[in-house]
Each structure stands twice: as structure tokens, then as C-alpha cells.
Amino acid sequence: MINEQIKERIISIVGTENFDDSKVGRLTYSYDATPNFQALPDGVVSPRNTEEVAELVKVCNEHHIPVVPRGAGSNLCGGTCPTEGGLVFLFKHMNEILEIDEENLTATVQPGVITLDLINAVEAKGLFFPPDPGSMKTSTIGGNINENSGGLRGLKYGVTRDYVIALEIVLANGSIIRTGGKLAKDVAGYDFTRLYVGSEGTLGIVTEATLKLVPIPETKKTMLALYEDLEAAATTVSKIIANKIIPATLEFLDQATLKVVEDYAKIGLPTDAKAVLLIEQDGAPEVVERDIKKIADLCTEENAVSVQIAKTKAEAEALTTARRAALSALARLKPTTILEDATVPRSQVANMVKAINEIAEKYQLNICTFGHAGDGNLHPTVPTDARNKEEMERVEKAFEEIFEKAIELGGTITGEHGVGIMKAPYLELKLGQEGIAAMKAIKTALDPNNIMNPGKIFAKDSRKRVVIGQ
Amino acid sequence: MTTLQEQQVIQDRFKERMDEDELLNCMRCGFCLPSCPTYITSGFKESHSPRGRIALMKAVVDGLIEPDEDFETSLNQCLGCRACEPVCPSGVNYGHLLEEARDIINQNKKHSLPVRTVRKAVFEGLFPHQNRMRNFTGLLGFYQRSGLQKVARATGIMKLFPESLATMERVLPKVPTMKEMKNRPRFLPAEAPETKKVAFFTGCLMDTMFLETNNATMKLLQLAGCEIIIPESQNCCGALHGHSGEKNGSKELAKKNIQAFEDLDVDYIITNAGGCGAFLVDYDHLLKDDPAWKERALAFKNKIKDITEILFEVRFHEKVKLELPFQIVTYQDSCHLRNVMKTAAAPRALLQAIEGIEFKEMKDADRCCGSAGIYNIVESEMSMQILDYKMEQTKATHASTVVTANPGCLLQMKLGIEREGLNEKMRAVHIVDLLMEAVK
Ligand SMILES: Cc1cc2nc3c(=O)[nH]c(=O)nc-3n(C[C@H](O)[C@H](O)[C@H](O)COP(=O)(O)OP(=O)(O)OC[C@H]3O[C@@H](n4cnc5c(N)ncnc54)[C@H](O)[C@@H]3O)c2cc1C
Ligand code: SF4
Ligand code: SF4
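In the order they appear, the protein sequences are chains A and B.
One gets my numbering by counting positions in the first sequence from 1 and adding 7 to each.
One gets my numbering by counting positions in the second sequence from 1 and adding 126 to each.
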């Protein structure tokens with residue numbers, strides 16, 4: 008697809024050292040964190056600035072070469088798998104924090120900045136960037152924006168979307184636009200900033216972003232509530248929120264997840280509990296003190312067998328770090344780890360947990376569940392083996408039922424991991440035909456040649472499959 | 127160069143021998159990326175990251191790519207530091223995958239004649255034989271003492287070698303005489319109320335080139351109340367073989383070592399080189415397909431302990447007064463000691479117990495120094511880039527003493543000091559040598 012002539016043009020833009028079409032180079036960008044998806048791109052390119060990105064996109068548009076923007080490749084929906092070949096764009100040279108503006112409380116960054124690096128840099132100045140996906144040690148801001156990622160602090164602080172206020176974008180035709188600004192208010196035309204957040208690289212390339220910051224909370228307290236039964240833990244979640252307390256973090260882990268996480272982290276997690284809630288509250292000391300006490304009481308009322316409050320900062324950090332490792336730790340159990348991201352209204356968490364258990368029973372599967380319970384966002388995860396075709400069929404059916412149940416409870420098929428290629432066949436379930444048609448109209452208007460991350464979000468056919476992939 | 131025919135054979139062997147479950151165990155989350163020195167130093171090339179290398183190995187197994195030259199480069203440039211293991215929530219045994227892959231490539235590839243000769247001489251002729259190691263080190267001693275070293279330096283003959291090797295020649299320790307190397311004790315009594323009975327694994331390089339450090343190790347053990355047995359029939363741990371794709375050679379050495387220690391009635395087997403220790407605790411994996419040896423290897427493994435770990439355990443630093451003139455001291459982790467043997471807190475606690483000094487942790491002390499066996503010679507360029515970063519961090523602490531816990535790291539840090547022209551201001555020492563200095 009990329010002939011010698013095109014290759015020369017690409018090299019004339021970025022230099023030989025920033026273009027790679029070797030077998031090894033292509034193979035190492037043929038996958039992301041999604042199981043069962045792999046496809047080789049035709050080449051990999053690392054532009055050094057916005058102008059180079061724009062020049063490259065023009066070449067691709069002219070020759071109808073697919074463009075696959077890639078951050079750290081940690082997404083879980085096949086979003087960066089070059090299923091139609093083309094050119095993978097890396098942002099390793101565009102990884103600067105351009106400015107932290109302490110007067111306007113904003114940070115302006117390039118897309119390749121690692122999430123945790125940004126968080127550390129702003130915290131050093133007494134500021135706070137709340138979106139903290141489990142993958143923040145590796146994930147990039149470009150990826151976070153394009154997946155509209157959530158994190159452990161989503162319940163109180165919202166998700167990435169709530170912090171993006173301006174973008175610089177290279178469109179599919181190579182023109183460069185700027186949306187939003189360092190503004191608390193801005194209604195000049197359509198809200199393009201919001202449209203591009205969560206667009207999964209299908210509408211253009213984000214080359215710069217201005218993010219909103221907030222003052223760092225004064226203090227923080229972390230606690231674990233232990234349960235003998237899953238549903239009691241889930242009921243507590245709705246109960247806490249119904250009592251008008253919004254904790255910063257409200258995470259759920261079942262016993263199977265606890266066990267693997269403890270295996271890895273070795274911090275003395277209560278592996279004999281059937282489920283735990285990891286709860287954090289931050290803010291002014293009096294408020295934190297009062298909320299934590301009230302939450303502890305509510306947990307006990309809902310039959311928590313014990314409530315433990317972290318004594319030191321290190322202890323608290325160990326707990327949240329361990330939680331972030333949950334998904335990868337589950338990968339210890341079996342060769343293939345398939346997880347879902349169904350999300351329901353907070354009041355329905357207990358019903359969803361119950362439904363997941365029944366579905367696991369029905370299909371004779373071991374489903375481990377953890378997730379951002381406070382957000383109604385659970386990650387039922389099946390440790391399985393892609394080589395076992397019969398079991399994979401059952402996994403597929405179970406997930407289809409989980410999706411249907413989530414929608415029935417007023418939820419969605421994906422809360423934060425995105426549609427990508429993995430969930431594309433299910434999108435209609437959530438949006439209906441009309442919804443899909445409206446979205447496609449936007450896609451076609453902005454990318455008439457369908458070069459931007461083609462094959463993602465919109466399914467070629469609506470044969471349902473999440474796990475029986477390529 | 128690997129011929130197409132060799133590539134085909136290598137690919138077939140990958141299919142047969144690589145542990146597919148272990149390859150699949152990597153869920154490609156990327157948690158390991160920020161810990162990999164070669165990923166960072168290469169300017170974030172996925173092919174130089176653990177996740178990328180695992181994907182490449184799997185792709186060779188799956189037949190998606192051939193084991194071509196780029197593939198080999200990716201594996202060759204891996205330090206084998208295993209910093210990717212403790213950070214992997216999924217528990218991927220990267221070190222085992224790498225060892226197997228390197229072994230397959232080496233066994234099925236014709237090396238050029240000079241490389242073949244050197245490999246044969248080193249792996250079969252030298253390291254497995256302690257007496258020859260002595261002779262070799264003796265030769266080096268002759269070279270140093272006879273004036274030949276001066277001649278070699280004056281004629282500039284060392285300029286013909288890669289830069290790291292040429293500088294390395296300058297920083298090698300003054301080696302002991304043959305007589306010192308030959309008459310080694312076999313038993314040493316405790317010199318304090320007895321705490322433990324231990325055996326000492328001397329190591330091939332440690333008992334020749336770094337003899338002084340071994341002597342200090344034994345002295346510290348005695349002062350800590352340990353009775354020491356030093357079995358004569360032990361030999362090289364086999365790490366160098368294992369990491370260079372000479373697995374069979376390392377298996378033979380492993381069996382001899384297990385035999386040498388298994389009938390001793392001791393609590394622990396002590397090592398003072400992180401690189402050796404980490405290989406010794408992996409004997410059970412090395413011999414996993416050998417039913418007659420598996421259990422014996424496991425029993426052996428369970429007794430291995432680093433010198434700093436046992437000193438800490440018997441509270442040596444509380445019983446013996448340790449004191450030195452004021453100096454800033456920093457510690458560079460030995461990758462294998464930290465990532466495989468999981469020893470990181472004990473050496474720091476011991477150093478902090480020395481009165482009169484200031485201990486300052488350097489940034490990224492847990493990142494490899496670029497020594498990695500013979501990596502600094504064969505992958506000189508990458509190694510020197512990694513070392514430059516390490517020296518930057520070392521200098522930032524203003525330390526005058528850099529402490530390590532492994533001979534390879536020690537030489538590399540000496541090399542770094544020499545390259546920076548800091549000979550007057552900074553020294554690199556093995557932790558036991560510093561502790562010995564501090565014993566009052
Ligand atoms: C262990 C683990 C835990 C996780 N935990 C969470 C979690 O708690 N919450 C959560 O929401 N997600 C989580 N994720 C999913 C994933 O990490 C996030 O989606 C993350 O934001 C992806 O970032 P990335 O840099 O890896 O992007 P990539 O995976 O490289 O890309 C993601 C998408 O963004 C697009 N993209 C990337 N950069 C650009 C750009 N500059 N311009 C346009 N498009 C671009 C890509 O084309 C792709 O569609 C987790 C993943 C793992 C493996
Ligand atoms: S951390 Fe482990 S599972 Fe994740 S990519 Fe690295 S090796 Fe694979
Ligand atoms: S062993 Fe070290 S160099 Fe090799 S992949 Fe792991 S972290 Fe990187």
C-alpha cells in the first residue's frame with residue numbers, strides 16, 4: 008500500500024530515523040492491550056510537530072492510506088490495532104508539558120505526555136489533575152482524551168472529558184484547527200472539544216490539549232470494607248450515594264480479584280473476604296473525618312464484616328496501587344483475559360452484580376468482577392484460553408447477555424474503554440439505527456475518505472462478536 | 127548474519143521449545159515499559175521494550191515474522207536486567223523466556239570463526255574450571271605487575287578495542303597473586319556467639335579477581351556469629367553461560383554445585399554477587415525437565431541468601447559498631463539482587479547503620495547500570511548511554527562513595543567514574559568492603 012514513492016515523501020517529511028517499515032518495527036505496533044487482535048501496519052511514523060503531522064495526513068488522505076494514531080497502546084477495545092493496515096502515528100517526540108498556568112489553572116500538553124508524569128508535575132505545584140486510569144503509569148494524554156478515560160477518582164471528579172477545555176487538531180484533510188480555549192465559558196459554535204473527546208482517533212489527530220486543573224485536596228483518607236457477600240457490598244455503594252455522600256473513590260473487588268492482586272502486590276489484602284470496597288475521601292480534614300465515619304457506619308449497617316482505615320499515606324497508596332494492577336493481575340490465571348466495561352446507573356449496581364453472577368452460572372464460566380462501582384462501571388472479567396474454541400463461544404454468549412442486561416437496566420455497553428473494533432458490533436444495541444446513522448454522518452463529513460482509524464466504532468457487519476476476533 | 131536456512135531452523139525450534147503459556151501470560155498492558163532501560167534509552171522503541179520483545183518471540187512462534195537480524199538485535203540489546211519482572215502484575219517470567227530464546231538462537235546459528243573460538247574458550251575452557259580461572263587471573267596479575275600493562279598503555283594498543291573495553295582495562299582491580307588464590311580456607315569458626323551455620327558460595331570471579339571482597343565477606347560472617355563451610359568442589363554458577371545462550375553448559379555447572387552443597391548441614395548458602403545469587407535461585411527452573419534433579423535443585427535454591435540479607439537478619443549492624451569518617455554514600459542496586467533475589471532493603475539498612483556517613487539515595491537506583499555480564503563489551507554503545515545516565519544520577523547525590531553488591535556493577539561503576547574523570551573525587555566499592563572498613 009505504501010509504495011516507494013509514498014515512502015520517499017514520508018521520509019522527506021520526518022527523516023529516515025522516524026519512519027520504520029521493517030518487519031520487527033511493524034510487528035511491535037500490531038497490537039494493543041486487547042486480547043485476540045493483531046494486524047500489521049504498513050509502516051510506523053513518528054512526527055516531531057503539528058506541521059509534520061499535517062503534512063503526513065495530507066499524503067495519507069491523497070492516497071487513501073489508513074491513519075492509526077497510537078499512544079501507549081494500552082486501550083482495551085482494539086482501538087490501535089491497524090486492522091486495515093496503513094500508517095501508525097507515534098507521539099514519542101511530541102511528549103512535552105508545554106505550560107502549567109497557575110493563574111488560569113490549566114496545563115497545556117502534547118499528546119504523548121504520560122498521564123502520571125502530568126499528574127506528578129501539576130501536584131508539585133499544588134494542583135490536581137483528577138483523571139487517573141488504572142494504566143496511568145503508561146497511558147498518554149492523547150489516548151486518555153480519545154478514549155475519554157475514567158479512573159479511580161471518577162465518582163467525585165468526573166472523567167477526562169470534564170478536564171479538556173481546548174484542543175489543537177489535525178483534520179483528515181490535513182488542516183489544523185483549534186477548539187475551545189483557556190476559558191471557563193465558551194459557546195462560540197458547536198462544542199468541537201467535546202466531540203473530539205472520546206472520538207477514538209476516528210475524526211482527526213489531537214496534537215495539543217489544554218486541560219483544566221483544580222486545587223489539590225488538603226487531605227485524604229482511605230479505607231477497606233470487607234464483605235461476606237457480593238451483593239451486600241454492591242448495595243452499600245448505592246446506599247452511600249443515596250445518603251448524599253460522594254466519596255472520591257468507591258471501588259469494588261471480588262474475592263477472585265483480591266487473591267490475584269495480593270499474589271502480586273503482597274500487601275496483606277484480606278483474601279478471605281468475598282468482596283471488598285475500597286473507599287477514599289479527600290478534602291478539608293473535618294469533612295473527610297466526618298464522611299469517612301459516616302461511610303464506615305453505612306458499611307457496617309449493610310453487613311460489612313469489618314472496616315479498616317489505612318493508618319499511613321504509604322499504606323493508603325499501596326491499596327490504590329494494588330487496585331490499579333487488578334486487570335493485569337487477573338491475567339495470571341489463564342492465558343487469555345477478557346474483560347468488559349458495562350456501566351449502569353449507580354442505583355443499579357447491585358442488580359448488575361447479581362445478573363453477572365447468574366450469567367456466569369448459566370454459562371459455566373469463572374467471572375471475576377472488579378471496577379469503579381461508584382460510577383456504576385464494572386469490569387466483569389473472564390480468565391480463559393483463546394485456544395479453547397468451545398469455551399470462547401460461551402464467553403461470547405455470556406458477554407452478549409451482560410450487554411443486554413446493562414442496556415435493560417438503563418446502562419451502556421462501555422463506560423470508559425471505548426468501542427474500537429471490539430465492541431463495534433454491539434454499538435447498535437445502545438444507539439439504535441438512527442443513532443448510528445447520525446454519528447456516521449459526522450464521520451463522513453469530517454473524514455470523507457475514511458482514512459482516520461478506519462474500522463473502529465462502526466462495524467462493517469453487525470455480526471455480534473467481542474471475543475471471537477480476527 | 128543468520129542465513130535463511132538458519133532462520134528456518136530457529137523458527138522451528140521456537141515453535142517446539144518456547145513456553146507458549148508464558149508468552150500468552152503477557153496481556154500487553156504495558157506496565158513494564160517505564161521500567162525498561164533499553165526502551166527509554168532507545169527513545170521509546172517498542173521493539174526494545176519487554177512487551178515488544180515478548181510479542182516478537184510470540185510472532186516467531188506463530189510464524190508471523192521470521193527471526194531476522196532486527197529480531198536478533200532486539201534480543202541482543204536486552205540487558206537481561208529483569209526490571210520488567212517485579213513490575214508485571216501478570217507475573218510474566220521474562221527472564222526465562224529470554225534465556226530460552228537466546229539459547230535457541232545460539233545453538234542454531236553459526237558464529238563467525240573468531241567469535242566461535244572466543245566463546246568456546248570462555249564457556250568451555252575457562253569459566254567451568256576454577257584452577258584455570260586462577261591461572262587466567264594470574265596472567266592478568268602478571269600483566270599488571272610485570273610492566274606489560276604500562277607498555278600496552280604506552281603503545282596505545284588498547285585503542286584497537288571498543289572504548290568500554292579499553293577503559294575497562296584501566297579499572298580492573300589489582301589482582302591477587304597465585305599463592306593467595308590457591309590457599310583458600312575450607313572452614314572458619316564463628317567469632318561471636320554463634321547464630322547460624324552457613325556455607326559460602328565463593329563464585330569464580332569473586333574468588334580470583336575479587337579475592338579481597340571474598341575475604342571480607344567471610345570475616346563479616348564470622349563477626350556476625352556464623353560458622354562457615356567453604357566446599358572445595360564448587361564452581362562457577364553458570365550465569366554467564368545461561369545468559370549467553372549456553373544452557374547445557376550451565377546445567378552441568380548447576381549439577382556440580384548442587385552436589386557440592388547438598389550434604390552440608392547448614393542453614394543458608396551465602397553469596398556476595400547478586401548476579402550469581404540470582405542464577406543459583408533459578409536452578410530449579412534450569413533443571414525443571416530433569417526429574418532426577420528437580421527436587422535437589424529446589425532444596426538448594428531455598429538455602430540461597432545474599433550476604434546483606436543474612437547480616438541484616440542476625441542484626442549484625444546492631445551488634446557490631448560501624449563507623450567511618452564523614453562521606454556521602456550512595457547505593458546502586460544490582461539488578462539481579464533486587465529483581466530476582468528481591469534484596470533491596472537490607473543493603474540500605476546496613477549502610478544507614480554506619481555512623482559518621484550520610485546515606486543519600488540516588489534517583490533511579492533500581493535502574494540497570496548497563497554492565498549486564500558482557501553486555502558492556504558486546505553492546506558497548508547502548509551500555510555507555512545507560513552508564514552516562516547512571517553517572518548523572520550518581521553525581522547529583524554528591525556522593526564520594528558509590529556502593530554496589532555485584533562485581534559486574536562494581537566494574538561498571540568504576541568505568542563510569544573513570545570516564546567522567548572523577549577518580550580523585552569518587553570511588554566505587556563492594557558493600558562488604560565498605561562494611562569491613564567500617565568495623566571498629
Ligand atoms: C491494566 C489496565 C488498566 C486500565 N484502566 C483503565 C481505567 O481505569 N479507566 C479507563 O478509562 N481506561 C483504563 N484502561 C484502558 C486504557 O489504558 C485507556 O483507554 C487509556 O486512556 C489509553 O491510553 P493510551 O495512551 O494507551 O492510548 P492508545 O491505547 O494508544 O489509544 C487509545 C485510542 O486513542 C487514539 N489516540 C491516541 N493518541 C491519539 C492522538 N494524539 N490523536 C487522536 N487519537 C489518538 C487511538 O487511535 C485509540 O483509538 C486500562 C488499561 C489497562 C491495560
Ligand atoms: S507488565 Fe507484564 S503483562 Fe504487562 S506488558 Fe509487561 S510483561 Fe506483559
Ligand atoms: S530484562 Fe531489562 S532490558 Fe530486558 S526487557 Fe526487561 S527491563 Fe528491558
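Glycine included, C-beta positions come from ideal geometry on N, C-alpha and C.
This one's a predicted model, so the numbers in the text were calculated from it and none came from an experiment.
Confirm the yes/no value for this check: CB of residue i, any heavy atom of ligand 1, distance under 6 Å.
| i | result |
| --- | --- |
| residue 39/A | yes |
| residue 354/A | no |
| residue 169/B | no |
| residue 216/B | no |
| residue 565/B | no |
| residue 87/A | yes |
| residue 363/B | no |
What three-state label does DSSP hand residue i in the structure shown?
| i | result |
| --- | --- |
| residue 452/B | coil |
| residue 462/B | helix |
| residue 179/B | helix |
| residue 477/A | Any reading at residue 477/A must be qualified, since the residue scores a pLDDT of 42, below 50, and its modelled position is unreliable; no value is offered. |
| residue 212/B | coil |
| residue 429/A | coil |
| residue 375/A | strand |
| residue 20/A | helix |
| residue 337/B | helix |
| residue 526/B | coil |
| residue 289/A | strand |
| residue 488/B | coil |
| residue 398/B | coil |
| residue 328/A | helix |
| residue 205/B | coil |
In terms of residue numbering, what span does the alpha helix (DSSP H) encompassing residue i cover?
| i | result |
| --- | --- |
| residue 131/A | Here residue 131/A belongs to no alpha helix (DSSP H), and DSSP marks it neither H nor E. |
| residue 441/A | 434 to 453 |
| residue 222/B | 220 to 233 |
| residue 151/B | 146 to 151 |
| residue 568/B | What is shown of chain B runs 127 to 566, which leaves residue 568/B out entirely. |
| residue 420/B | 417 to 427 |
| residue 239/A | 237 to 249 |
| residue 171/A | From DSSP, residue 171/A is part of no alpha helix (DSSP H) but of the beta strand (DSSP E) over 171 to 177. |
Inspect the beta-carbon positions of residue i and residue j and report whether they are closer than 7 Å.
| i | j | result |
| --- | --- | --- |
| residue 491/B | residue 459/B | yes |
| residue 163/A | residue 255/A | yes |
| residue 450/B | residue 564/B | yes |
| residue 259/A | residue 445/A | no |
| residue 452/B | residue 367/B | no |
| residue 61/A | residue 183/A | yes |
| residue 405/B | residue 356/B | no |
Taking the beta strand (DSSP E) that residue i belongs to, which residues open and close that run?
| i | result |
| --- | --- |
| residue 323/B | 322 to 326 |
| residue 371/A | Element bounds for residue 371/A: n/a, residue is neither H nor E. |
| residue 553/B | 553 to 556 |
| residue 413/A | Counting along the chain, residue 413/A falls outside any beta strand (DSSP E), though it belongs to the alpha helix (DSSP H) covering 396 to 415. |
| residue 511/A | Here chain A covers residues 8 to 477 and nothing more, so residue 511/A does not appear. |
| residue 230/A | 226 to 234 |
| residue 77/A | 74 to 77 |
| residue 200/A | That residue, residue 200/A, is in no beta strand (DSSP E); its alpha helix (DSSP H) goes 199 to 203. |
| residue 108/A | 104 to 108 |
Would you say residue i touches ligand 2, meaning its beta carbon is less than 6 Å from a heavy atom?
| i | result |
| --- | --- |
| residue 400/B | no |
| residue 375/A | no |
| residue 183/B | no |
| residue 143/B | no |
| residue 143/A | no |
| residue 67/A | no |
| residue 44/A | no |
| residue 77/A | no |
Please compile the residues from chain E whose C-beta is within a distance smaller than 7 Å of the C-beta of residue i.
| i | result |
| --- | --- |
| residue 342/A | Reference to chain E is not applicable here, since the protein chains of this structure are A and B. |
Pocket of ligand 3 (residues with CB nearer than 6 Å to any heavy atom), chain order: 161/B, 162/B, 163/B, 164/B, 176/B, 179/B, 204/B, 205/B, 206/B, 207/B, 208/B, 209/B, 210/B, 220/B
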